[in-house]
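Note that my numbering gives residue 80 to position 80 of the sequence shown, counting from 1, and the numbers run on in steps of one. Backbone N, C-alpha and C fix where the C-beta goes; we use that ideal spot for every residue, glycine too. I have placed the structure first, in the form of structure tokens, so that the comments after it can refer back to it.
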Amino acid sequence: MPSWGKGYFAVNDSGHIVVRPEKIVGQEIDLLTLVEDLHARGLTAPLLLRFSNLLTHRLRALRDSFASAMAENDYQGRYLAVYPIKVNQQRSVVEEVYRYGGDYGFGLEVGSKPELLAVMAMADDPSPRLIICNGFKDDDYIKTVILASKLGRAIVPVVEKLDELDLILKHAQRHGVRPRIGMRLKLASEGAGRWRGSAGAKSKFGLFVDEAITLFETLRGRGLEDCLELVHCHPGSQVHSISRVKDAIGELAHVYAELIGMGASGLRYLDVGGGLGVDYDGSQTNFPSSMNYTLEEYASEVVYRVSSVCAEKKVPHPTIVTESGRALAAYQSLLIVNVLGRSSLDGFEVDEDLDEIATAGAMTQPVLDLVEAQRDLSERRAVECYHNAIQAYEQALNLFNLGYLELAERGFAERLFWKTCSMIRSLVRRMPTVPDELQELETVMADTYFCNFSVFQSLPDSWAIDQIFPVAPIHRLDEKPIRRAVLADVTCDSDGKIDRFVDLQDIARTLPVHELVPGQDYYLGIFLTGAYQETLGDLHNLFGDTHVVHVGLDGEQGWGIEETVEGDTAAEVLSYLQYDVDALWARLEASCHRAVELDRVSETEAREILAFYRSELDGYTYLEPEGSPS
Ligand code: PLP
Numbered sequence: 001m002p003s004w005g006k007g008y009f010a011v012n013d014s015g016h017i018v019v020r021p022e023k024i025v026g027q028e029i030d031l032l033t034l035v036e037d038l039h040a041r042g043l044t045a046p047l048l049l050r051f052s053n054l055l056t057h058r059l060r061a062l063r064d065s066f067a068s069a070m071a072e073n074d075y076q077g078r079y080l081a082v083y084p085i086k087v088n089q090q091r092s093v094v095e096e097v098y099r100y101g102g103d104y105g106f107g108l109e110v111g112s113k114p115e116l117l118a119v120m121a122m123a124d125d126p127s128p129r130l131i132i133c134n135g136f137k138d139d140d141y142i143k144t145v146i147l148a149s150k151l152g153r154a155i156v157p158v159v160e161k162l163d164e165l166d167l168i169l170k171h172a173q174r175h176g177v178r179p180r181i182g183m184r185l186k187l188a189s190e191g192a193g194r195w196r197g198s199a200g201a202k203s204k205f206g207l208f209v210d211e212a213i214t215l216f217e218t219l220r221g222r223g224l225e226d227c228l229e230l231v232h233c234h235p236g237s238q239v240h241s242i243s244r245v246k247d248a249i250g251e252l253a254h255v256y257a258e259l260i261g262m263g264a265s266g267l268r269y270l271d272v273g274g275g276l277g278v279d280y281d282g283s284q285t286n287f288p289s290s291m292n293y294t295l296e297e298y299a300s301e302v303v304y305r306v307s308s309v310c311a312e313k314k315v316p317h318p319t320i321v322t323e324s325g326r327a328l329a330a331y332q333s334l335l336i337v338n339v340l341g342r343s344s345l346d347g348f349e350v351d352e353d354l355d356e357i358a359t360a361g362a363m364t365q366p367v368l369d370l371v372e373a374q375r376d377l378s379e380r381r382a383v384e385c386y387h388n389a390i391q392a393y394e395q396a397l398n399l400f401n402l403g404y405l406e407l408a409e410r411g412f413a414e415r416l417f418w419k420t421c422s423m424i425r426s427l428v429r430r431m432p433t434v435p436d437e438l439q440e441l442e443t444v445m446a447d448t449y450f451c452n453f454s455v456f457q458s459l460p461d462s463w464a465i466d467q468i469f470p471v472a473p474i475h476r477l478d479e480k481p482i483r484r485a486v487l488a489d490v491t492c493d494s495d496g497k498i499d500r501f502v503d504l505q506d507i508a509r510t511l512p513v514h515e516l517v518p519g520q521d522y523y524l525g526i527f528l529t530g531a532y533q534e535t536l537g538d539l540h541n542l543f544g545d546t547h548v549v550h551v552g553l554d555g556e557q558g559w560g561i562e563e564t565v566e567g568d569t570a571a572e573v574l575s576y577l578q579y580d581v582d583a584l585w586a587r588l589e590a591s592c593h594r595a596v597e598l599d600r601v602s603e604t605e606a607r608e609i610l611a612f613y614r615s616e617l618d619g620y621t622y623l624e625p626e627g628s629p630s
């Protein structure tokens with residue numbers, strides 16, 4: 001936790017995880033207390049918790065890192081961050097970033113027309129803050145940009161394809177606006193990580209250098225050479241290797257300096273895009289879920305590269321702009337899920353007398369082989385018995401499928417096999433070194449803990465791109481976890497599960513968890529989910545948005561609930577998919593009347609059915625504890 005939590009998460013003396021939104025020991029929120037408090041208010045898990053102070057802290061950390069890098073390098077330009085709203089477009093997140101970023105003059109980045117429609121109305125400060133417009137642009141998108149600049153917004157459309165320039169010039173002329181223009185470069189330096197295709201010659205976006213020169217010459221031809229204000233690149237998201245950052249920034253800085261030399265007198269922003277990583281697994285390595293550099297090193301590299309190119313080419317220092325999204329938003333939210341139950345393979349018991357069965361020899365051969373594998377078991381013969389048991393069990397299953405093994409014998413074989421595996425695992429746990437052949441046993445024998453959430457809705461990157469998120473019980477951490485589990489969600493798909501976890505050496509296939517105690521809730525936290533997860537999620541199995549709770553550092557207990565947004569109801573989710581809920585209701589009502597007429601149900605039962613249906617329509621889409629009000 002100290003590695004991936006970066007000081008924002010810790011464990012207190014009660015064995016509960018606490019959140020320290022500003023990394024201050026003592027100024028902390030006990031997650032279990034918070035979850036129980038919310039439960040008492042009728043907000044049950046799954047819950048998405050958002051910590052606004054943590055978001056503010058990330059903004060400050062970004063600003064401070066660049067401020068000290070600039071001081072170190074005697075940098076004369078400024079630093080600005082623009083928050084790419086696609087990372088988490090929830091109104092409250094964008095508003096918070098915009099509000100808190102005000103002190104530092106930070107702005108926003110949009111990647112589409114709908115995003116721009118939200119931002120242009122919202123960003124109405126008297127002293128305008130930078131709005132950068134990326135993404136594919138049609139006529140209306142550009143018209144919106146030009147109209148926003150007429151309203152006084154500091155808005156810069158970034159040309160991704162040359163024909164966008166014609167649209168900008170057309171609308172600017174029509175509305176009498178001197179446009180501010182940016183352009184995105186297709187750099188030769190490839191990015192790194194999963195999104196490395198965002199940079200490089202084959203990238204979907206940006207201008208080749210030759211096109212960039214054409215753009216500038218076109219502007220110059222119209223006496224608009226000072227309108228080119230910004231050059232931009234985006235090296236891809238979650239860049240895990242600092243060397244890629246260095247290459248991309250060095251190349252972009254050279255483009256900037258050359259354009260200044262060519263007479264681009266208005267060029268003043270060098271926008272290095274996003275890509276600043278998050279160390280999801282805490283390993284601080286060049287691994288896709290990690291990063292081999294810190295925020296401070298990133299800022300220092302960016303500033304150093306830009307200032308050394310500027311010194312070499314004798315051009316003024318530009319304002320450095322970053323579009324970091326993930327690094328800003330990931331830490332602020334976490335998902336709390338409750339465990340509904342488990343299935344395990346080590347609960348099988350064999351009471352039969354195996355010696356007797358072996359002597360009688362009255363069973364099918366593979367079953368007798370399974371009996372032998374268990375009778376022969378010792379630490380020395382563990383590998384041999386494991387192999388024999390696997391082979392015999394496979395043969396038993398084949399015989400059953402061919403009709404040569406009875407159901408009862410198959411059931412016995414199943415019990416025997418898993419009991420033997422369980423006995424071998426106990427031996428393995430005592431061995432000083434585990435033989436290679438038995439390494440897989442912990443994973444094979446892992447429990448499945450069923451958790452109340454949908455991977456597809458709340459953790460799409462875990463399902464789609466094998467992204468690793470830190471997961472941990474939020475309580476009982478003063479107690480040794482004695483089981484190992486994979487986590488299954490409540491959707492009816494077998495890939496609705498988490499089976500890759502943070503580990504000190506590699507990726508762990510199972511998570512250490514505690515034994516479930518009947519009647520007691522067991523909660524797990526899934527951390528660093530604030531970037532990209534919320535709006536990418538889908539409605540698989542019609543599980544909707546979870547409840548969202550905004551928590552701040554104030555109030556009597558040191559923290560308070562700032563805002564709660566209740567999760568989707570079943571009726572809402574149905575209506576997203578064009579079901580007419582009133583029509584469904586009317587049809588069910590008619591069915592109830594018919595059932596009464598046919599004497600299938602009484603009047604009272606019919607009323608109960610309708611009342612229950614209504615309350616379920618108005619209820620949470622996730623599983624709720626018995627008796628909780630819908
Ligand atoms: N800017 C652009 C143009 C992007 O496409 C992205 C995301 O891929 C970002 C910024 C944000 O990147 P990140 O979240 O990795 O900082």
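Under 7 Å between C-beta atoms of residue i and residue j
i	j	result
residue 73	residue 331	no
residue 488	residue 497	yes
residue 292	residue 241	yes
residue 328	residue 58	yes
residue 319	residue 78	yes
residue 420	residue 454	no
residue 370	residue 441	no
residue 307	residue 75	yes
residue 486	residue 524	no
residue 477	residue 26	no
residue 254	residue 309	yes
residue 85	residue 115	yes
residue 215	residue 227	no
residue 475	residue 55	no
residue 326	residue 531	yes
residue 449	residue 594	no
Proximal residues to residue i (C-beta, below 6 Å), its chain only, five neighbours per side dropped
i	result
residue 3	282
residue 107	82, 129, 130 and 131
residue 155	131, 145, 148 and 149
residue 230	156, 182, 269 and 271
residue 177	146, 149 and 150
residue 22	53 and 57
Beta-carbon separation (whole angstroms), residue i vs residue j, contact threshold 8 Å
i	j	result
residue 276	residue 298	5 Å
residue 469	residue 526	5 Å
residue 551	residue 562	7 Å
residue 509	residue 493	Incorrect: roughly 19 Å between the Cβ atoms, too far for contact.
Residue i CB to nearest heavy atom of the ligand PLP below 6 Å
i	result
residue 662	Residue numbering for the chain in the displayed model covers 1 to 630; residue 662 lies beyond these limits and cannot be assessed.
residue 234	yes
residue 134	yes
residue 283	no
residue 87	yes
residue 3	no
residue 530	no
residue 301	no
residue 326	yes
residue 21	no
residue 84	yes
residue 237	yes
8 Å Cβ shell around residue i - same chain, five flanking residues per side excluded
i	result
residue 260	267, 313, 315 and 316
residue 542	570, 573, 574, 577 and 621
residue 630	Because the pLDDT of residue 630 is 48, which lies under 50, any placement of that residue in the model is unreliable, and the number read from its coordinates should be weighed accordingly. These residues qualify, in order along the chain: 615, 616, 618, 619, 620 and 624.
residue 351	none
Close-in-space but distant-in-sequence residues of the same chain around residue i (CB under 7 Å, 5 per side omitted)
i	result
residue 410	396 and 400
residue 412	367
Kindly confirm or deny that the region 207-217 and the region 179-190 touch, where touching means at least three C-beta pairs closer than 8 Å.
-> Segment contact: the region 207-217 against the region 179-190, three or more CB-CB distances shorter than 8 Å; contact assigned.
Report yes or no: do three or more beta-carbon pairs, one from the region 455-466 and one from the region 511-519, lie closer than 8 Å?
-> Verdict: no, contact absent.
Is the number of C-beta pairs between the region 426-434 and the region 374-382 that are closer than 8 Å three or more?
-> When C-beta atoms of the region 426-434 are compared with those of the region 374-382, three or more pairs fall below 8 Å, so the two segments count as touching.
Does the region 26-35 come within contact of the region 530-540, defined as at least 3 CB pairs closer than 8 Å?
-> No: fewer than three Cβ pairs fall under 8 Å.
Any chance the region 84-99 sits against the region 109-125, with 3 or more Cβ pairs inside 8 Å?
-> Yes, the region 84-99 touches the region 109-125.
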